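Asker: Last residue of the sequence shown: 138 in the UniProt record's numbering, with the numbers rising by one and none dropped. Heads up, the beta-carbon is just placed ideally off N, CA and C, and yes, glycines get one too. Note that the structure is a prediction, hence the values are computed from the model and not measured.
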Amino acid sequence: DTVKVGGAAARTGAGFVGDVAERAARGLLGPTRGIIAPEATKAAKDAVSSYFENWNKRNMVAAVALFAEDCTYEDTLYPGKFSNREEVKMHLLRVAAAVPEDFQFCVDEISASALEGSDLINVGVQWHVEDGEGNPLP
Numbered sequence: 001d002t003v004k005v006g007g008a009a010a011r012t013g014a015g016f017v018g019d020v021a022e023r024a025a026r027g028l029l030g031p032t033r034g035i036i037a038p039e040a041t042k043a044a045k046d047a048v049s050s051y052f053e054n055w056n057k058r059n060m061v062a063a064v065a066l067f068a069e070d071c072t073y074e075d076t077l078y079p080g081k082f083s084n085r086e087e088v089k090m091h092l093l094r095v096a097a098a099v100p101e102d103f104q105f106c107v108d109e110i111s112a113s114a115l116e117g118s119d120l121i122n123v124g125v126q127w128h129v130e131d132g133e134g135n136p137l138p
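(1) Could you give the distance in angstroms between the alpha-carbon of residue 104 and the alpha-carbon of residue 131?
(2) Any idea if residue 102 is buried or exposed, counting beta-carbon neighbours within 10 angstroms, 16 or more meaning buried?
(3) Please report the residue range of the alpha helix (DSSP H) in which residue 69 lies.
(4) Rounded to a whole number of angstroms, what is the C-alpha to C-alpha distance between residue 78 and residue 40?
(5) Considering only residues of the same chain and omitting the five flanking positions on each side of residue 112, which have a CB-CB separation below 6 Å?
(6) Return the Cβ separation of residue 107 and residue 49 in integer angstroms, given the expectation that the two are a contact with Cβ distance under 8 Å.
(7) Measure how close the beta-carbons of residue 58 and residue 96 come, nearest whole angstrom, since I'm counting them as under 8 Å.
(8) Residues in the same chain with beta-carbon distance under 6 Å from residue 52, minus the five sequence neighbours each way, listed in chain order, please.
(9) With H, G and I counted as helix, E and B as strand and the rest as coil, what does DSSP make of residue 84?
(10) Can you tell me whether residue 122 is helix, strand or coil according to DSSP?
(11) According to DSSP, is residue 39 part of a helix, a strand, or is it coil?
(12) Under 8 Å by Cβ, that's how I've got residue 54 and residue 47 pegged, so tell me the actual separation to the nearest angstrom.
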């Protein structure tokens, strides 16, 4: 997915870079296409971390606030796309209601890098889910 970040865009494996990264990236993007300050990739990573932290607290309002208003979000476990922040929020609430409260997303690794020749930031996140006793789910 590609989501606009300031005057540029971010492409993420998790399907989002939201307003936190957008606010942080404004002014940090170089004036020349393809030059992205390291702070912008850090901001993108921080947005992903914040998303999972808020999800684990079941604070979907804060989690969805990280998305751009006109985002496109795809969850490969569900058909179709979610085309704006409100649709994403409703999806997150449905998913949270369907899983036990003690399930937690655990982020193993986040990486972000500028996509050469463009104003895109690629973000990848490796995560797993654990039950309330800290056991990873298969």
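Answerer: Taking the structure as given:
(1) Residue 104 and residue 131 have their C-alpha atoms roughly 7 Å apart.
(2) Burial state of residue 102 is exposed, judged by a 10 Å Cβ sphere holding fewer than 16 other Cβ atoms.
(3) Segment: none, residue 69 is in no alpha helix (DSSP H) and carries neither H nor E.
(4) A direct Cα-to-Cα measurement between residue 78 and residue 40 gives close to 30 Å.
(5) Beyond the five residues adjoining it in sequence on each side, residue 112 comes within less than 6 Å, by CB distance, of 41, 44, 45, 121 and 123 in the same chain, given in chain order.
(6) The C-beta distance from residue 107 to residue 49 rounds to 6 Å, short enough to meet the 8 Å contact threshold.
(7) The pair is a contact, with the Cβ atoms about 5 Å apart (cut-off 8 Å).
(8) The beta carbon of residue 52 lies closer than 6 Å to those of 105 and 107 in the same chain, with the five residues before and after it left out.
(9) Here residue 84 sits in coil by DSSP.
(10) Three-state result, residue 122: strand.
(11) Helix at residue 39.
(12) The pair is not a contact, with the Cβ atoms about 11 Å apart (cut-off 8 Å).
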